[in-house]
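Structure, as structure tokens:
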Amino acid sequence: MRHARLNLLVAIAVGAVLGIGPALAADLPAAVYTKAPAAIPVTGWTGCYLGGNIGAGWQRTAVTDAEPGTPPPLDAGADTGTGVAGGGQLGCDYQFASSWVVGVQGLFDGASVYGNHFASVAYAGDASESLSSRTDWFGTLTARLGYAVMPQALLYVKGGAAFAHTSYTDVDPSGLVNPPYAGQASGVRTGWTAGAGGEYKLSPDWSVFAEYDYAGFGSRVYGFTYNCGAACGFADPYHYSERQNLQTVLVGLNYRFNVGSAPVVARY
């Protein structure tokens, strides 16, 4: 009788354990299985690109009377012109030594950078003579050296040749010293440029950039042609030396093609 009771108690205990076990297992969190991190495509900078830009420009123009027989050269004043610029660029890059990038680029922008000033009374004889300069386009041919601080982010410097077309005017409507006159000259300036910027890839094919550039054109003598002819009372053409530089800040978008890619596994 005693053994029968013991067997009954054992059977009840085993049954309780068997009943509770599945219930406890149901309360435990299910095992979580995760896949390996996906490969994120990261492209290098080797390849070519075509894009557009827009920005602002400002130029410093200093004018000196350079007419032969007018010693010494007389300071006719200076001004700082401002305006907008926009256009396009085309270039190619090559990435080497893991993070370094070298390249070449051509850029051409239309512009409207204008400035004017009144010549000093001591020079002009009255306070109404106005000299102006307007740059309506510029371009650069540059080499570029950059460093990829991240696979998709590039910092760079650039330098090379610069070109700009500028028109100049000399106007005095008063007629106090000479008959009212308006003279003009224009030409393509050549010089050098240097700048720096950064570029960031939005995708393997598209990137955005921002940069600052300085272009120095030195001094050049122009002969101004006037509307008053022989009645002007001075030589026609009359010569001025124009010393000029141009600075720009540009932002832009590039489409990149023929760019190789290498999968990189993201680390968490």
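Taking numbering that gives the first Met the number 0 as reference, the numbering of the sequence shown is continuous, increasing by one, and the terminal residue is 267. We put the CB at the ideal spot given by N, CA and C, even for glycine. As the structure is a computational prediction, the values presented were derived from the model and not from experiment.
Residue range of the unbroken beta strand (DSSP E) whose run includes residue i
{"i": "Ala-214", "result": "205–225"}
{"i": "Ala-147", "result": "129–149"}
{"i": "Val-156", "result": "152–171"}
{"i": "Gly-86", "result": "73–95"}
{"i": "Val-187", "result": "180–200"}
{"i": "Gly-68", "result": "Looking at the DSSP string, Gly-68 is not in any beta strand (DSSP E), and its letter there is neither H nor E."}
{"i": "Val-62", "result": "46–64"}
Beta-carbon gap between residue i and residue j smaller than 8 Å
{"i": "Tyr-180", "j": "Asn-253", "result": "no"}
{"i": "Leu-245", "j": "Gly-102", "result": "no"}
{"i": "Arg-133", "j": "Tyr-155", "result": "no"}
{"i": "Gly-197", "j": "Ala-209", "result": "yes"}
{"i": "Gly-86", "j": "Asp-108", "result": "yes"}
{"i": "Thr-192", "j": "Ala-234", "result": "no"}
{"i": "Tyr-199", "j": "Ala-152", "result": "yes"}
{"i": "Gly-159", "j": "Leu-140", "result": "yes"}
{"i": "Gly-54", "j": "Gln-88", "result": "no"}
{"i": "Ser-127", "j": "Ser-185", "result": "no"}
{"i": "Ala-84", "j": "Ala-163", "result": "no"}
Residue from the options with nearest C-alpha to residue i
{"i": "Ser-268", "options": "Leu-130, Phe-233, Pro-236", "result": "In the structure displayed, the chain extends from 0 to 267; residue 268 sits before or after that span and is not available."}
{"i": "Cys-47", "options": "Thr-63, Asp-212, Val-100, Gly-85", "result": "Val-100"}
{"i": "Ser-206", "options": "Gly-228, Arg-255, Gly-68", "result": "Arg-255"}
{"i": "Arg-188", "options": "Gly-228, Leu-89, Asp-78, Arg-242", "result": "Arg-242"}
{"i": "Ala-123", "options": "Gly-51, Val-220, Asp-171, Pro-236", "result": "Asp-171"}
{"i": "Asp-212", "options": "Glu-66, Arg-143, Ser-173", "result": "Arg-143"}
{"i": "Trp-136", "options": "Gly-158, Ala-118, Ser-111", "result": "Ser-111"}
{"i": "Phe-117", "options": "Thr-63, Ser-98, Ala-77, Pro-150", "result": "Ala-77"}
{"i": "Thr-60", "options": "Tyr-239, Val-250, Pro-70", "result": "Tyr-239"}
{"i": "Gly-145", "options": "Thr-168, Gln-104, Ser-202", "result": "Gln-104"}
{"i": "Ser-98", "options": "Gly-90, Gly-43, Thr-63, Val-83", "result": "Gly-43"}
{"i": "Thr-168", "options": "Gln-183, Leu-73, Tyr-221", "result": "Gln-183"}
{"i": "Leu-201", "options": "Gly-251, Gly-228, Asn-177, Ala-230", "result": "Gly-251"}
{"i": "Ala-96", "options": "His-164, Val-220, Thr-45", "result": "Thr-45"}
{"i": "Val-220", "options": "Glu-128, Asp-125, Glu-66", "result": "Glu-66"}
{"i": "Gly-228", "options": "Asn-177, Pro-203, Ser-218, Gly-50", "result": "Asn-177"}
{"i": "Ser-119", "options": "Asp-74, Val-83, Asn-52", "result": "Asp-74"}
{"i": "Pro-150", "options": "Ala-230, Pro-71, Pro-203", "result": "Pro-203"}
{"i": "Thr-247", "options": "Gly-138, Pro-236, Ser-218", "result": "Gly-138"}
{"i": "Gly-82", "options": "Pro-71, Gln-58, Ser-218", "result": "Gln-58"}
N-terminal and C-terminal residue of the alpha helix (DSSP H) that residue i is part of
{"i": "Val-100", "result": "Run containing Val-100: none in the alpha helix (DSSP H); it sits in the beta strand (DSSP E), 99–117."}
{"i": "Ala-234", "result": "No alpha helix (DSSP H) contains Ala-234, which DSSP labels as neither H nor E."}
{"i": "Ala-123", "result": "120–123"}
Classification of residue i by the beta-carbon crowding that lies within 10 angstroms, buried from 16 upward
{"i": "Leu-175", "result": "exposed"}
{"i": "Phe-223", "result": "buried"}
{"i": "Asn-257", "result": "exposed"}
{"i": "Val-148", "result": "exposed"}
{"i": "Leu-27", "result": "At Leu-27, the pLDDT of 46 sits below 50, so the modelled position is not reliable and the matter cannot be decided from this model."}
{"i": "Ala-25", "result": "With a pLDDT of only 49 at Ala-25, under 50, the local geometry of the prediction cannot be trusted, and the value read off the model is given with reservation. Looking at its Cβ environment, which holds fewer than 16 other Cβ atoms inside 10 Å, Ala-25 is exposed."}
{"i": "Ala-22", "result": "At Ala-22, the pLDDT of 47 sits below 50, so the modelled position is not reliable and the matter cannot be decided from this model."}
{"i": "Gly-232", "result": "exposed"}
{"i": "Val-9", "result": "Reliability fails at Val-9, whose pLDDT of 38 lies under 50, so the model's placement of it is uncertain and no value is given."}
{"i": "Leu-106", "result": "buried"}
{"i": "Phe-216", "result": "buried"}
{"i": "Ala-121", "result": "exposed"}
{"i": "Leu-249", "result": "buried"}
{"i": "Thr-63", "result": "buried"}
{"i": "Ala-38", "result": "Legend: pLDDT at Ala-38 = 46, less than 50; position of this residue unreliable, value from coordinates given subsequently. Burial call: exposed."}
{"i": "Gly-90", "result": "buried"}
{"i": "Phe-69", "result": "The sequence as given places Thr at residue 69; Phe does not occur at that position. Exposed, since its Cβ has fewer than 16 Cβ neighbours within 10 Å."}
{"i": "Pro-236", "result": "exposed"}
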